[in-house]
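**Q** Using our numbering, the letters of the sequence shown map in sequence onto residues 4 to 397. Got a structure here, written out as structure tokens. Questions coming.
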Amino acid sequence: MKASDLVNAHTWMSAALTYHTTCLDGLIEAGFDEHKLLNKARESLSTCLAAIASLRKNQEQEPQIIKTPHWVSKSVGNYTILPNITVAKDGSGQFENITAALAAAPTKSSSRFVIYIKQGTYLETFEVPRNLLNLMFLGDGIGKTIITGNKSVQDPNITTFTSATVAIRANNFIAQDITFQNTAGAINHQAVAVRVTADKVAFFRCSFEGFQDTLYAHSLRQFYTQCEIYGTVDYIFGNAAAIFQNCNLYARLPMPKQKNTYTAQGRTDPNQNTGFSFQNCAVDGTPELKANITQFPTFLGRPWKEYAVTVFLKCYESAVVDPAGWLEWSGDFALQTLFYGEYFCYGPGGSTVKRVDWSTQIFDSSFASKYTAMSLVNGDEWLPTTNLPYTLVL
């Protein structure tokens, strides 16, 4: 089996286990008990995952000729994106809402199909279905093209998974120059702005705005560059293999007595090839939070699941980051099995003197390279096709 095929199999099996976990979480959230048959299925998936991980390990130990591709780093070129259809609130496009435009998009397209969404606020909640491959949303800029909703777990029959304003299920999806919102507010707890349950998905110059659980990076391979992400509790969460490059993370004012956490990664099995990596990002807070920071401790993350993986590589960490760095989920849950790392981070919140002893300061560049776009999301295979800026290495 080719190395790339084995990597894909590993990714898909990791996602299958994530889907299973999401199903269990949904049942529990709805008040049902776990079922023995579901636990049996989890054991079978875990066994298959271990076998694939073992095959990959053996293959990686074989002698290989490693070539550095010429596109290890890429900036945006001067190219023009031509839309196939246009959405405009003022009637100047073919459609006045995004949902109608999606219905007109071709299924299983082998080439990029661009929906240009003109400046305006679109109060819509929708899913980009699995069969709309190679779709692109192109907006007029952050704060100009706005897609907004307000579903939350406080609404009848709504779970965290179904609360998303926009849910992406189509592989090879790209969004550029758009704001995605969930305006339910901190008082309504879990309320997702965007959920991504698809492979090789990329966002460029987008803003994700919510409170608790803003961005659900659910599964498979994802890439975010030059984006802004706002939230309070666990606001970047899920079990994708996700890379964030040159993004700005802004913690907001939570509810009274709450603690902010930028991340809550959800890896449930040590053989899943998943995790969150933040590279050259700014970890910061809104002016409102900064004015009240002593009342609302703010942490890099806490472990949602037992084998959570989150790393920050060469990131600026502002004074809103608590000196401890990381927060427990509940007691000592996952503290012996998670991996939380920082690699040459800096700034007033970047001091490691008071970091919790169950986090790791990374000094070895070869180890840190495991969490680059090249390694974590196999970016050399698909990021060049996006025409977005990226770097594959540290």
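The beta carbon of each residue, even a glycine, is placed where N, CA and C say it ideally should be. On a predicted model such as this, the values are computed, not experimentally measured, just so you know.
Quick check on His-221: does DSSP put it in helix, strand or coil?
**A** Three-state DSSP puts His-221 in a strand.
**Q** Here's the rule: buried if 16 or more other CB atoms are within 10 angstroms of the residue's CB, otherwise exposed. What is Ile-69?
**A** With a pLDDT of 43 at Ile-69, under the threshold of 50, the modelled position of that residue is not reliable, and no figure is offered here.
**Q** Taking the alpha-carbon positions, what's the Arg-59 to Leu-9 distance?
**A** Their Cα atoms are separated by approximately 7 Å.
**Q** Going along the chain, which residues of its own chain have a beta-carbon closer than 6 Å to the beta-carbon of His-73, five neighbours each way excluded?
**A** With a pLDDT of only 45 at His-73, under 50, the local geometry of the prediction cannot be trusted, and no value is derived from it.
**Q** Hey, would you say Ser-222 sits closer than 9 Å to Ile-181, going by beta carbons?
**A** No, the pair does not count as a contact, with Cβ atoms beyond the cut-off.
**Q** Does the distance from the C-beta atom of Leu-316 to that of Ser-280 stay below 9 Å?
**A** Contact: yes.
**Q** With burial defined as no fewer than 16 other Cβ atoms inside 10 Å of the residue's Cβ, what is the status of Tyr-349: buried or exposed?
**A** Exposed, by the Cβ-count rule.
**Q** Quick one, are the C-beta atoms of Ala-267 and Asp-237 less than 9 Å apart?
**A** Yes, Cβ-Cβ distance for Ala-267 and Asp-237 is below 9 Å.
**Q** May I ask you to report which of helix, strand or coil DSSP gives Asn-191?
**A** Of the three classes helix, strand and coil, the one that applies to Asn-191 here is helix, per DSSP.
**Q** In the DSSP assignment, the beta strand (DSSP E) including Ala-170 goes from what residue to what residue?
**A** Segment 169-171, the beta strand (DSSP E) holding Ala-170.
**Q** Checking the sheet assignment: what are the DSSP bridge partners for Ile-232?
**A** Note: Ile-232 sits in a beta bridge opposite Phe-211, Leu-252.
**Q** Rounded to the nearest angstrom, what separates Gln-336 and Thr-124 at their Cα positions?
**A** Reading off the sequence shown, one finds Phe at residue 336, where the question assumed Gln. Whole-angstrom Cα-Cα distance: 42 Å.
**Q** Mind listing, in chain order, the continuous alpha helix (DSSP H) runs of no fewer than 4 residues lying wholly within the region 268-295?
**A** As far as the region 268-295 is concerned, its whole alpha helix (DSSP H) runs of at least 4 residues are 290-293.
**Q** Name the two residues that bound the continuous beta strand (DSSP E) containing Val-197.
**A** Note, Val-197: beta strand (DSSP E), 197-200.
**Q** Give me the Cα-Cα distance between Phe-347 and Gly-241, rounded to the nearest whole angstrom.
**A** Approximately 25 Å, taken between the alpha carbons.
**Q** Could you give the residue range of the beta strand (DSSP E) that holds Val-156?
**A** Counting along the chain, Val-156 falls outside any beta strand (DSSP E), and DSSP gives it neither H nor E.
**Q** Going by DSSP in three states, Tyr-310 sits in which element: helix, strand or coil?
**A** Coil, per DSSP.
**Q** Could you give the distance in angstroms between the alpha-carbon of Met-377 and the alpha-carbon of Ala-285?
**A** Each residue's alpha carbon lies about 21 Å from the other.
**Q** In whole angstroms, what is the alpha-carbon distance linking Gln-339 and Trp-361?
**A** Roughly 7 Å separates the two Cα atoms.
**Q** Measuring only the C-alpha atoms, how far is Phe-98 from Gln-298?
**A** About 47 Å.
**Q** What three-state label does DSSP hand Phe-164 in the structure shown?
**A** Phe-164: helix per DSSP, three-state reduction.
**Q** For the region 254-264 against the region 374-391, are there 3 or more C-beta pairs whose distance is under 8 Å?
**A** Counting Cβ pairs under 8 Å, fewer than three are found: no touch.
**Q** Between the alpha carbons of Ala-53 and Leu-341, how many angstroms are there, rounded?
**A** Approximately 18 Å between the Cα atoms of the pair.
**Q** In whole angstroms, what is the alpha-carbon distance linking Ser-112 and Leu-395?
**A** About 27 Å.
**Q** DSSP has Gly-152 in a bridge; who is on the other side?
**A** Beta-bridge pairing links Gly-152 to Asn-185.
**Q** Is the Cβ-Cβ distance between Ala-244 and Val-380 less than 9 Å?
**A** Against a cut-off of 9 Å, the Cβ pair of Val-380 and Ala-244 comes out as a contact.
**Q** From what residue to what residue does the beta strand (DSSP E) around Thr-89 run?
**A** 88-90 is the extent of the beta strand (DSSP E) around Thr-89.
**Q** Run through DSSP, which three-state label would Ala-18 get?
**A** Three-state DSSP puts Ala-18 in a helix.
**Q** Start and end of the beta strand (DSSP E) containing Ile-145?
**A** Looking at the DSSP string, Ile-145 is not in any beta strand (DSSP E), and its letter there is neither H nor E.
**Q** Take every Cβ of the region 352-368, pair it with every Cβ of the region 174-188, and state whether three or more of those distances are shorter than 8 Å.
**A** At 8 Å Cβ cutoff, the stretches do not touch.
**Q** Determine the DSSP secondary structure at Val-396, reduced to helix, strand or coil.
**A** Three-state DSSP puts Val-396 in coil, outside helix and strand.
**Q** Kindly list the residues whose CB is nearer than 7 Å to the CB of Tyr-319, restricted to its own chain and excluding five residues on each side of it in sequence; keep chain order.
**A** Closer than 7 Å at Cβ, skipping near neighbours: Ala-285, Val-286, Tyr-349, Gly-350.
**Q** Once DSSP output is grouped into helix, strand and coil, what is the label at Asn-137?
**A** Residue state, collapsed to three classes: coil.
**Q** Among Tyr-265, Glu-231, Thr-235, Asn-263, which residue has its Cα nearest to the Cα of Asn-249?
**A** For Asn-249, the nearest C-alpha among the options comes from Glu-231.
**Q** Check whether the Cβ atoms of Leu-141 and Pro-86 lie closer than 9 Å to each other.
**A** Closer than 9 Å, so yes.
**Q** For Tyr-343, tell me which candidate among Arg-358, Glu-46, His-13 has the shortest Cα-Cα distance.
**A** When each option's Cα is compared against that of Tyr-343, the closest is Arg-358.
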